[in-house]
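Colleague: Numbering (my numbering), first residue to last: 113 to 447.
Have a look at the structure that comes next, please.
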């Protein structure tokens with residue numbers, strides 16, 4: 113199958129592209145190589161993909177509808193895995209327009225292209241951040257998610273609404289995946305694991321927000337990719353039991369579904385840091401700080417719907433995943 117992967121030079125996009133190639137698919141990778149973080153890391157990921165049979169890279173910006181239209185016209189993808197986005201909660205506090213361009217204008221361009229160039233399935237990345245002010249855990253896809261606490265979260269919630277509209281109006285089969293704190297080799301430099309590992313190995317002090325009283329449902333990237341690939345093969349159909357009297361946010365009378373992809377096992381931040389200390393063989397110098405605006409204290413995924421749909425739920429222990437990341441970091445950066 114010919115699969116378009118947007119954000120192919122990104123963390124999850126790189127791993128997803130590699131896994132699709134392993135399954136003998138043809139992959140069209142699309143990315144604008146933005147400078148939100150170190151472009152050389154994105155180039156290193158692409159250097160792993162470009163020599164492989166079946167991979168084609170196209171540089172372009174999702175916020176340019178003509179570029180997206182040309183991409184679909186030339187390559188005619190049968191399936192789309194849309195992972196490109198402007199990420200980061202804290203960045204959204206200072207650069208809000210980046211999120212409008214990439215996550216709203218860009219996603220609209222993808223939806224329009226899927227409308228006018230029929231595909232069999234659009235799978236797109238949402239985020240656990242959409243749960244926002246919700247405090248009942250674990251977070252389930254049947255919960256109302258109308259109270260985001262960051263613009264990033266609001267943009268991802270908007271993506272889900274936009275996707276449903278196109279599924280309803282134009283019969284575009286679409287599935288949204290709410291990722292929970294994805295980590296692993298080739299991870300993003302703005303994520304906690306990368307930042308903490310880098311500073312601990314360099315003997316620098318790490319900043320610990322909310323005085324360490326956070327917990328996250330850390331999800332290993334290989335598990336996320338397995339979930340993405342399995343969901344991509346499960347094309348959604350209308351839910352015959354859906355009712356407007358008691359509307360279920362996770363399904364519809366349209367070909368639309370939402371799933372959580374998380375490890376369903378929250379880890380306290382201080383325990384997470386202890387795992388990094390063990391993997392690096394170093395003790396972290398710690399600077400405790402107040403909570404940051406837009407952050408939520410706890411994430412915890414209910415993945416029962418994912419398990420029922422594709423017979424898989426993430427299960428990599430945090431210790432193993434952190435070990436794998438630290439080993440990659442030491443090798444990649446020759447530390």
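Idealized CB from N, CA, C, for every residue including glycine.
Bear in mind the structure is a predicted one, so any value in this text is a computation, not a measurement.
What residue does the beta strand (DSSP E) around residue 399 start on, and which one ends it?
Modeller: Within the chain shown, the letter at position 287 stands for residue 399. That run of the beta strand (DSSP E) goes 397–400.
Colleague: Are three or more beta carbon pairs between the stretch 270–277 and the stretch 345–356 nearer than 8 Å?
Modeller: At 8 Å Cβ cutoff, the stretches do not touch.
Colleague: Out of 255, 299, 187, which one is the CA nearest neighbour of residue 149?
Modeller: The residue given as residue 149 occupies position 37 in the chain shown. It is 299.
Colleague: May I ask you to report which of helix, strand or coil DSSP gives residue 229?
Modeller: As a working mapping, residue 229 is identified with position 117 in the chain shown. The answer is coil: DSSP assigns residue 229 none of H, G, I, E or B.
Colleague: Below 7 Å CB to CB, which residues in the same chain sit around residue 157 once its five sequence neighbours on both sides are set aside?
Modeller: For this step, residue 157 is matched to residue 45 along the chain shown. 121, 126, 298, listed in sequence order.
Colleague: On the criterion of 16 or more Cβ atoms from any shown chain inside 10 Å, does residue 391 qualify as buried, or is it exposed?
Modeller: To locate residue 391, count along the chain shown from 1; it is residue 279. That one is buried.
Colleague: Could you check whether residue 292 and residue 330 sit closer than 9 Å to each other, using their CB atoms as the reference points?
Modeller: Indexing the chain shown from 1 puts residue 330 at position 218. Indexing the chain shown from 1 puts residue 292 at position 180. Yes; because the gap between Cβ atoms is below 9 Å, this pair is in contact.
Colleague: For residue 397, is the classification buried or exposed, using 16 other Cβ atoms within 10 angstroms of its Cβ as the cut-off for buried?
Modeller: Numbered from its first residue, the chain shown carries residue 397 at position 285. Exposed is the call here.
Colleague: In the structure shown, what three-state DSSP assignment does residue 206 receive?
Modeller: The count along the chain shown starts at 1 and reaches residue 206 at position 94. Of the three classes helix, strand and coil, the one that applies to residue 206 here is helix, per DSSP.
Colleague: Answer with buried or exposed for residue 136, where buried requires no fewer than 16 other C-beta atoms within 10 angstroms of its C-beta.
Modeller: Within the chain shown, residue 136 is the residue found at index 24, counting from 1. Its Cβ having fewer than 16 others within 10 Å, residue 136 is exposed.
Colleague: Out of 443, 385, 115, 371, which one is the CA nearest neighbour of residue 230?
Modeller: Counting from one through the chain shown, the residue named residue 230 turns up at place 118. Closest option to residue 230, Cα to Cα, is 115.
Colleague: Which runs of the alpha helix (DSSP H) fall wholly inside the stretch 164–216 and span at least 4 residues, in chain order?
Modeller: Complete alpha helix (DSSP H) runs here, min 4: 177–187, 201–206, 208–211.
Colleague: If you follow the beta strand (DSSP E) that residue 291 is in, where does it begin and where does it stop?
Modeller: Your numbering for residue 291 matches position 179 in the chain shown. Where residue 291 is concerned, the enclosing beta strand (DSSP E) stretches over 286–291.
Colleague: Can residue 119 and residue 143 be called in contact, C-beta distance under 9 Å?
Modeller: By 1-based counting over the chain shown, the position of residue 119 is 7. By 1-based counting over the chain shown, the position of residue 143 is 31. For residue 119 and residue 143, yes; Cβs fall inside 9 Å.
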